[in-house]
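Order-wise, the sequence lines are chains A and B.
Residues 1 to 199 (this note's numbering) are what the first sequence spells out, left to right.
Residues 200 to 527 (this note's numbering) are what the second sequence spells out, left to right.
Each remark here refers to the structure printed beneath this line.
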Amino acid sequence: MSDTPEPVEAPTANDPSDVAVVPGADRPPTVAVRFKVNGREHHIGLDIRTTVLDALREHLRLTGTKKGCDHGQCGACTILVNGRRINSCLTLAIMHEGDDITTIEGLGTPGALHPMQRAFIECDGFQCGYCTPGQVCSAVAMLDEVRAGWPSHATKDVASTDIALSDAEIRERMSGNICRCAAYPNIVAAIRDVASREH
Amino acid sequence: MRPFTYERPNDSRGAVVAIGRAGTGAKFISGGTNLLDLMKLEIERPTHLVDISRLPLNAIESLPSGELRIGAQVSNSALAADGIVRSRYPVLAQALVAGASGQLRNKASVGGNLLQRTRCPYFYETSSRCNKREPGSGCDAIGGFNRGHAILGASDACIATNPSDMAVALAVLDARVVLLDHADVVREVPVDDFFVLPGSAPHIETVIRPAEMITAVVLPPQPAGRQLYRKVRDRASYEFALVSVAAILETRGGTIRSARVAFGGVAPKPWRAFEVERALIGQPASMATFQTAAGVAVANAVGRGMNDFKIELAKRTLVRTLANLMAE
């Protein structure tokens with residue numbers, strides 16, 4: 001999967017339905033995929049097996065999103081698809097035709113940091129930094145889930161939509177993001193800071 | 200990962216026709232959180248994928264009968280966040296948020312959750328023997344590192360547990376799985392009958408037929424009584440259950456009028472414990488009754504060495520869950 005296929009013609013129709021791919025005789029099928037990343041439309045040709053994570057890193061050269069376990073266990077690859085956080089390693093690019101993807105590069109830039117990025121710096125919420133893009137993307141989407149009133153395992157009464165964002169709630173809701181440097185106390189502090197500033 | 204071909208039909212009919220046409224080796228893909236994980240390890244090797252993630256099966260509808268119909272493509276997050284689920288079926292919302300991580304729940308579908316593999320570390324470790332991965336090869340979990348394995352319903356061919364929390368709540372709620380096949384035939388199967396025990400063929404985990412697709416899950420009207428899901432695990436979050444209990448308890452004047460109990464983490468399927476329910480109904484809602492019921496729950500339990508502790512843990516988890524329901 002290291003070589004980058006030449007870009008191929010994008011599908012002419014915008015309707016993602018009724019896509020069918022038939023294998024070539026001698027090599028894995030290559031497919032044309034179109035999606036939006038950080039506000040920009042991309043049309044790329046990919047080996048059909050390519051995950052969203054590999055499409056971002058190896059084909060679009062957006063290396064902010066990190067590959068940790070590649071099995072959905074560590075959260076380093078967390079991105080936002082249509083506003084919701086997912087593990088980009090556990091989904092195929094072909095399944096995201098027409099989707100709106102946001103990576104860490106789309107949340108902020110060195111000159112214009114996202115409030116969550118700034119809070120991670122101010123609170124010293126990382127050491128080696130490898131898990132940080134995933135932590136930041138996850139935290140941003142997690143606060144949206146709290147605003148929408150989604151329950152978590154730390155929510156006392158699952159029927160209540162008024163979620164008090166305690167440290168226990170933050171820890172539970174961020175449990176899909178592992179930090180091997182164990183910067184957890186400062187990650188929680190950074191998220192708490194951003195959440196409290198919004199109120 | 201092995202190469203495969205791919206198609207994305209428009210509707211349910213197109214999906215079941217596509218899977219029927221593609222034949223052996225074809226699989227549906229929905230959230231993909233379990234299937235792709237296993238495809239990367241080449242434990243699952245589909246030759247053709249039928250993408251059903253965009254089918255219009257993502258509604259949660261209240262039916263005139265008082266039942267709740269949940270589309271198979273509703274995400275685990277959306278189901279846990281649904282107002283009706285949270286108010287009428289809290290045991291289901293509690294079970295959903297006790298499972299996986301926020302990222303996985305956003306991707307995983309209700310249908311996919313039901314069809315995730317019953318599995319253990321030896322199923323993942325391709326250098327070991329596993330009757331589920333390679334029928335007839337043997338089971339290295341028996342006599343191996345089997346701390347997390349089944350104490351109920353297992354066989355000499357397989358002692359893996361079903362890891363779903365959601366399915367345990369669905370079992371206690373008497374949910375039905377709605378299936379559609381390529382001849383347009385719809386059938387409904389109670390969750391308890393949907394999963395099968397391993398016996399001598401542990402690679403078969405459910406009664407779903409090759410050309411069938413889950414289109415929905417139907418919950419009967421809200422049951423009487425209070426509901427609770429309790430999960431015990433090695434980590435506080437993002438970890439499979441060692442033991443979990445889903446319980447619904449209705450009492451009047453200190454007597455148990457109705458009771459439903461299902462266990463997770465202890466068996467190859469969500470383990471509805473009808474004999475425990477019979478031991479509770481009509482009895483005083485007391486610790487003595489709960490202790491007796493706990494004994495009934497594990498009467499046929501078999502430890503495999505490292506997982507012997509689960510027998511006592513299952514009893515204690517049941518007693519604690521029932522006591523919590525009385526204290527509410």
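Quick reminder that beta carbons are idealized off the backbone N, C-alpha and C, glycines included.
Cut-off 6 Å between Cβ atoms - residues of its own chain near residue i, not counting five sequence neighbours on either side
i: residue 189 of chain A; result: 123
i: residue 204 of chain B; result: 247
i: residue 16 of chain A; result: Bear in mind that a pLDDT of 43 at residue 16 of chain A, under 50, signals an unreliable position, so the number given afterwards is only what the model happens to contain. Closer than 6 Å at the Cβ level, and outside the excluded window around residue 16 of chain A, lie 97 and 98.
i: residue 221 of chain B; result: 247
i: residue 439 of chain B; result: 362
i: residue 517 of chain B; result: 444, 493 and 496
i: residue 391 of chain B; result: 370 and 471
i: residue 324 of chain B; result: none
i: residue 281 of chain B; result: 259
i: residue 251 of chain B; result: 214, 227 and 229
Beta-carbon separation (whole angstroms), residue i vs residue j, contact threshold 8 Å
i: residue 60 of chain A; j: residue 37 of chain A; result: 6 Å
i: residue 269 of chain B; j: residue 309 of chain B; result: 6 Å
i: residue 68 of chain A; j: residue 103 of chain A; result: About 15 Å; that fails the 8 Å criterion.
i: residue 193 of chain A; j: residue 112 of chain A; result: Between residue 112 of chain A and residue 193 of chain A the Cβ distance is about 18 Å, and since that is not below 8 Å, they are no contact.
i: residue 467 of chain B; j: residue 360 of chain B; result: 6 Å
i: residue 82 of chain A; j: residue 100 of chain A; result: 5 Å
i: residue 448 of chain B; j: residue 425 of chain B; result: 6 Å
i: residue 202 of chain B; j: residue 159 of chain A; result: Wrong, their Cβ atoms sit about 47 Å apart, outside the cutoff.
i: residue 484 of chain B; j: residue 454 of chain B; result: 7 Å
i: residue 499 of chain B; j: residue 84 of chain A; result: Not confirmed; about 43 Å, so no contact.
i: residue 176 of chain B; j: residue 242 of chain B; result: Shown here, chain B extends from 200 to 527; a query on residue 176 of chain B therefore has no answer.
Same chain, Cβ closer than 7 Å to residue i, five either side skipped, listed in chain order
i: residue 388 of chain B; result: 375, 376, 378 and 406
i: residue 186 of chain A; result: 123, 124 and 125
i: residue 520 of chain B; result: 427, 429, 444 and 446
i: residue 345 of chain B; result: 358, 503, 504, 505 and 506
i: residue 165 of chain A; result: 146 and 195
i: residue 134 of chain A; result: 66, 75, 76, 77, 78 and 177
i: residue 386 of chain B; result: 378
i: residue 294 of chain B; result: 364, 365, 367, 368, 428 and 445
i: residue 261 of chain B; result: 267 and 283
i: residue 472 of chain B; result: 460, 461, 462 and 496
i: residue 224 of chain B; result: 245, 246 and 247
i: residue 25 of chain A; result: The predicted model places residue 25 of chain A with a pLDDT of 49, which falls under 50 and marks its position as unreliable; any figure quoted below should be read in that light. So the list is empty, once near-sequence residues are dropped.
Sequence-distant residues of the same chain with beta carbon closer than 8 Å to residue i, five excluded per side
i: residue 129 of chain A; result: none
i: residue 356 of chain B; result: 330, 338, 397, 398, 399, 400 and 401
i: residue 393 of chain B; result: 313, 376, 405, 406 and 407
i: residue 55 of chain A; result: 33, 44, 46 and 93
i: residue 395 of chain B; result: 403, 404, 405, 406 and 468
i: residue 277 of chain B; result: 257 and 259
i: residue 57 of chain A; result: 63, 65 and 67
Residues that residue i bridges to, as DSSP identifies them
i: residue 486 of chain B; result: Partner(s): none; residue 486 of chain B has no beta bridge.
i: residue 454 of chain B; result: B:451 and B:483
i: residue 413 of chain B; result: B:378
i: residue 538 of chain B; result: Summary: the structure shown does not reach residue 538 of chain B, with chain B confined to residues 200 through 527, and so no result is reported for it.
i: residue 461 of chain B; result: B:445 and B:471
i: residue 32 of chain A; result: A:45
i: residue 338 of chain B; result: B:329
i: residue 87 of chain A; result: A:78
i: residue 527 of chain B; result: According to DSSP, residue 527 of chain B bridges with nothing at all.
i: residue 215 of chain B; result: Looking at the DSSP assignment, residue 215 of chain B forms no beta bridge with any residue, so it has no partner.
Residue-chain proximity (residue i, chain D), Cβ-Cβ < 7 Å
i: residue 235 of chain B; result: Chain labels in this structure do not include chain D; the protein chains are A and B.
### Query
What residues from the segment 79-90 of chain A come within 8 Å of chain B, judged by C-beta to C-beta, listed N to C?
Hits within the stretch, in order: 84, 85, 86, 87 and 90.
### Query
Going along the segment 89-119 of chain A in order, which residues come within less than 9 Å of chain B, judged by CB to CB distance?
89, 90, 91, 92, 94, 95 and 97
### Message
To test your reading of the DSSP string, which unbroken alpha helix (DSSP H) runs of 4 or more residues are found completely within the segment 261-309 of chain B?
### Response
Within the segment 261-309 of chain B, the complete alpha helix (DSSP H) runs of at least 4 residues are 275-280, 282-287, 289-296 and 301-306.
### Task
Identify every run of the alpha helix (DSSP H) within the segment 98-136 of chain A, keeping only runs that are complete inside it and at least 4 residues long; order them along the chain.
104-107 and 115-122
### Query
Which of the residues in the segment 281-311 of chain B, read from start to end, lie with their CB under 7 Å from any CB of chain A?
Cβ contacts with chain A: 285, 286, 289, 292, 293, 296, 297, 300, 301, 302, 303, 305 and 306.
### Task
Quick one: which residues of the segment 136-161 of chain A get their C-beta closer than 9 Å to a C-beta of chain B? List them in chain order.
138, 141, 142, 145, 148, 149, 150, 151, 152, 153, 154, 155, 157, 158, 159, 160 and 161
### Message
Short of 8 Å Cβ to Cβ, which residues in the segment 350-376 of chain B face chain A?
### Response
none
#### Entry: Residues, ordered as in the chain, of the segment 430-454 of chain B that lie near chain A by beta-carbon distance below 7 Å
Result list: 436 and 437.
#### Entry: Where the segment 60-81 of chain A meets chain B: residues whose CB sits under 8 Å from a CB there
70, 71, 72, 75 and 78
### Task
Scan the segment 485-515 of chain B and note each continuous alpha helix (DSSP H) run of 4 residues or more that stays entirely inside, going in chain order.
Counting only runs of at least 4 residues, the segment 485-515 of chain B fully encloses the following alpha helix (DSSP H) elements, listed from N- to C-terminal order: 486-496.
### Task
Taking only beta carbons into account, state which residues of the segment 37-49 of chain A come closer than 7 Å to chain B, listed in chain order.
48 and 49
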